[in-house]
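Asker:
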Amino acid sequence: MPEATQRISEIYQQVVERNPGETDFHQAVKEVLDTLAPVLRQHPKYAERKIIERICEPERQIIFRVPWQDDQGEVHINRGFRVGFNSALGPYKGGLRFHPSVYLDTIKFLGFEQIFKNALTGLPIGGGKGGSDFDPKGKSDDEVMRFCQSYMTELYRHIGELTDVPAGDIGVGAREIGYLFGQYKRITNRYESGVFTGKNPSWGGSLVRREATGYGVVFFLEEMLQARDNSVSGKTAVVSGSGNVAIYAIEKLQGMGAKVVACSDSGGVIYDPEGLNLETVKQLKEVERARISAYVKHHPHAEFREGASIWDIPCDLALPCATQNEIDEAAAKKLVEQGCIALCEGANMPCTPEAMKVLEAGKLAYGPGKAANAGGVATSALEMQQNASRDAWTFEHTEERLHDIMRNIFRDCHNAAEEYGEPGNYVVGANIAGFRRVADAMLAFGLI
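Under my numbering, residues 53 to 500 are what the sequence shown spells out, in order.
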């Protein structure tokens with residue numbers, strides 16, 4: 053076994069031993085480390101200063117109790133998290149996820165991914181993530197407000213526009229951001245707009261932020277297809293999920309001439325062979341907070357498949373925009389067999405390692421999440437710029453900035469993959485380009 057490969061294997065085993073039971077974190081680390089041996093061979097300084105070992109260890113991990121009271125007066129106890137993973141390029145930046153599945157492993161895997169995603173944007177932001185095992189589904193506005201206020205009563209002391217800048221993620225939308233920011237403002241007695249992103253544009257938020265992750269995925273997808281002399285236009289697409297990322301990926305796909313025939317939620321899949329009616333999806337998910345199954349009440353020709361896999365539906369373009377590990381080996385094989393030509397990740401780590409091998413062998417154009425879904429955090433950084441300058445940009449200007457950033461991310465991934473002998477492999481390209489940007493900053497700062 054070559055020396056660099058042996059070193060990588062040893063580092064990974066150390067990570068597993070130091071973080072027992074954290075399988076999602078192990079998976080995220082392994083996916084990156086497996087691509088870095090050529091970098092260590094070409095740049096031994098990274099090994100000498102133990103850059104990889106330092107990147108794999110969070111700079112800080114905060115876990116705290118979040119007590120709150122429901123509308124019936126019953127007291128509940130949830131657990132809050134915030135992991136500041138790496139601040140070599142700027143203040144920690146990453147969303148908050150409120151979902152029953154959240155625990156430390158979840159936050160660490162997301163925070164680790166965020167390091168490289170944020171680095172790829174080329175903007176001065178480090179990597180972090182946070183959240184809670186609180187479930188906002190089915191809760192009243194007052195219950196969500198009380199939880200958010202309790203959560204922020206502890207978190208406020210650990211964040212700031214120059215320290216750590218949270219945003220939204222699964223379960224944390226405009227409502228939750230408003231309550232969290234309001235409590236921060238109340239406690240600190242400061243209107244520090246830049247401490248949170250994803251805010252409403254009427255009080256410091258950026259236009260395009262809501263759309264940014266979904267739009268960015270499609271911009272990256274189009275760049276991949278153009279590199280193969282192809283295009284989104286005229287293709288049939290399926291998009292898993294029906295939350296923020298999925299909705300705006302569908303919107304941009306439709307705007308660029310694709311037909312999106314399916315989306316999903318945890319209950320099942322909507323299949324509309326005529327193409328999804330996006331206004332209905334938005335009404336159900338953004339206004340009514342209803343299940344996607346209600347789509348068929350408005351469009352009887354469509355079909356709801358309870359508990360089904362969206363990846364059984366034939367498509368040219370597949371966009372997983374729901375959650376981690378939603379595409380396993382069997383689903384990946386189905387996509388390849390049915391002629392899918394490109395897969396672009398709107399979710400974080402939605403493909404299992406086995407699925408990734410199938411997609412690579414099938415020669416699909418494959419856009420990894422840390423590159424393809426970086427549009428959200430990129431626009432968050434643009435929101436921070438506007439807050440710092442007390443400015444507000446137009447939708448058109450902000451979208452063009454986002455488009456430029458996604459083009460640059462694709463270019464960096466493409467060039468890094470070619471430089472290290474893996475042309476067209478954007479997983480390798482994204483990992484190496486992001487790693488080198490962070491590693492060079494860490495070297496410049498000395499041993500800290």
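In this text, a Cβ means the ideal position worked out from N, Cα and C, and glycines have one as well.
Taking 8 Å as the threshold, find out whether the stretch 224-244 comes into contact with the stretch 405-418 through three or more Cβ pairs.
Answerer: no
Asker: Can you check the stretch 183-271 for any beta strand (DSSP E) of at least 3 residues that lies completely inside it and give the ranges in chain order?
Answerer: For the beta strand (DSSP E) assignment, the uninterrupted runs of no fewer than 3 residues enclosed by the stretch 183-271 are, from N- to C-terminal side, 216-219.
Asker: Could you say which of Glu412, Arg442 and Leu92 lies nearest to Glu105 if we only look at CA atoms?
Answerer: Comparing Cα positions, the closest option is Leu92.
Asker: Taking the continuous beta strand (DSSP E) assigned at Gln322, which residues delimit it?
Answerer: One detail in the question is off: residue 322 reads as Ile in this sequence, not Gln. Where Ile322 is concerned, the enclosing beta strand (DSSP E) stretches over Gly320 to Tyr323.
Asker: Just mark Gln235 as buried or exposed, buried being the case when its beta carbon has 16 or more other beta carbons within 10 Å.
Answerer: buried
Asker: Just confirm the distance between the C-beta atoms of Gly268 and Gly428, as a whole number of angstroms; I'd bet it's less than 8 Å.
Answerer: 7 Å
Asker: At the level of alpha carbons, what is the spacing between Lys386 and Asn460?
Answerer: Near 32 Å, if we compare the C-alpha coordinates of Asn460 and Lys386.
Asker: Pick out the complete beta strand (DSSP E) segments inside the stretch 84-143, 3 residues or longer, and give them in chain order.
Answerer: 112-121 and 127-138
Asker: Please name the residue in Ala140, Ser192 and Met204 whose C-alpha comes closest to that of Gly180.
Answerer: Comparing Cα-Cα distances from Gly180 to each of Ala140, Ser192 and Met204, the minimum goes to Ala140.
Asker: Give the secondary structure of Ala394 by DSSP, where H, G and I count as helix, E and B as strand, and everything else as coil.
Answerer: Secondary structure at Ala394: strand, using DSSP grouped into helix, strand and coil.
Asker: Would you check if there are 3 or more beta carbon pairs closer than 8 Å linking the stretch 272-285 to the stretch 235-253?
Answerer: no
Asker: Nearest CA to the CA of Gln79: which residue from Ala384, Ser285 and Asn377?
Answerer: Asn377
Asker: Report yes if the C-beta distance between Ala399 and Cys373 is below 8 Å; otherwise report no.
Answerer: yes
Asker: With DSSP collapsed to three states, give me the class of Ser432.
Answerer: helix
Asker: Looking at C-alpha atoms only, which residue of Gln390, Arg488, Val290 and Gly125 is the closest neighbour of Ile322?
Answerer: Val290
Asker: Can you tell me the Cα-Cα spacing of Met53 and Val81, whole angstroms?
Answerer: With a pLDDT of 47 at Met53, under the threshold of 50, the predicted position of this residue should be treated as unreliable, and no value is reported.
Asker: Kindly indicate which residue of Asn439, Ala423 and Thr57 has the alpha-carbon position closest to the one of Tyr478.
Answerer: When each option's Cα is compared against that of Tyr478, the closest is Ala423.
Asker: According to DSSP, is Ser316 helix, strand or coil?
Answerer: strand
Asker: Considering Leu371, what are the terminal residues of the beta strand (DSSP E) in which it resides?
Answerer: Leu369 to Leu371
Asker: Do Tyr300 and Glu355 have their beta-carbon atoms positioned less than 8 Å apart in this structure?
Answerer: Between Glu355 and Tyr300, the CB-CB gap reaches or exceeds 8 Å.
Asker: Spell out a yes or no on whether the stretch 443-453 and the stretch 188-197 are touching, meaning 3 or more CB-CB pairs, one atom from each, closer than 8 Å.
Answerer: no
Asker: Taking Tyr155 as part of the alpha helix (DSSP H), name the residues at either end of that continuous run.
Answerer: It is not in any alpha helix (DSSP H) - Tyr155 carries neither H nor E in the DSSP assignment.
Asker: Find the nearest neighbour of Leu454 within the set Val313, Phe271 and Lys409, judged by alpha-carbon distance.
Answerer: Answer by Cα proximity: Phe271.
Asker: Evaluate the contact criterion for the stretch 148-157 versus the stretch 63-80: three or more CB pairs, one atom per stretch, below 8 Å.
Answerer: yes
Asker: To the nearest angstrom, how far is it from the Cα of Tyr98 to the Cα of Asp194?
Answerer: 50 Å
Asker: Do you know how far the Cα of Lys237 is from the Cα of Thr215?
Answerer: 16 Å
Asker: For Val480, collect the residues of the same chain with a Cβ closer than 8 Å to its Cβ; drop the 5 residues on either side in sequence, then sort them by chain order.
Answerer: Thr87, Ala468, Ala469, Tyr472 and Glu474
Asker: What does Lys356 pair with, by DSSP beta-bridge criteria?
Answerer: Note on residue identity: the sequence assigns Phe, not Lys, to residue 356. Beta-bridge pairing links Phe356 to Ile322.
Asker: Would Leu172 be called buried (16 or more neighbouring beta carbons within 10 Å of its own) or exposed?
Answerer: Counting Cβ neighbours within 10 Å, Leu172 comes out buried, since at least 16 surround it.
Asker: DSSP puts Tyr418 in a beta bridge; with which residues?
Answerer: In the DSSP output, where bridge partners are listed per residue, Tyr418 has Leu395.
Asker: Between Ser441 and Arg261, how many whole angstroms is the CB-CB distance? I'm expecting something under 8 Å.
Answerer: 16 Å between Cβ atoms; not a contact.
Asker: The alpha helix (DSSP H) that contains Val388, what's its start and end?
Answerer: Glu381 to Glu389
Asker: Is Thr332 helix, strand or coil by DSSP?
Answerer: helix
Asker: If you draw a straight line from the C-alpha of Leu7 to the C-alpha of Asp324, how long is it?
Answerer: For residue 7 there is no data in the structure shown, the boundaries of the chain being 53 and 500.
Asker: When burial is assigned at 16 or more other CB atoms within 10 Å of the CB, is Glu435 buried or exposed?
Answerer: buried
Asker: Over what stretch of residues does the alpha helix (DSSP H) that includes Ala426 continue unbroken?
Answerer: Counting along the chain, Ala426 falls outside any alpha helix (DSSP H), and DSSP gives it neither H nor E.
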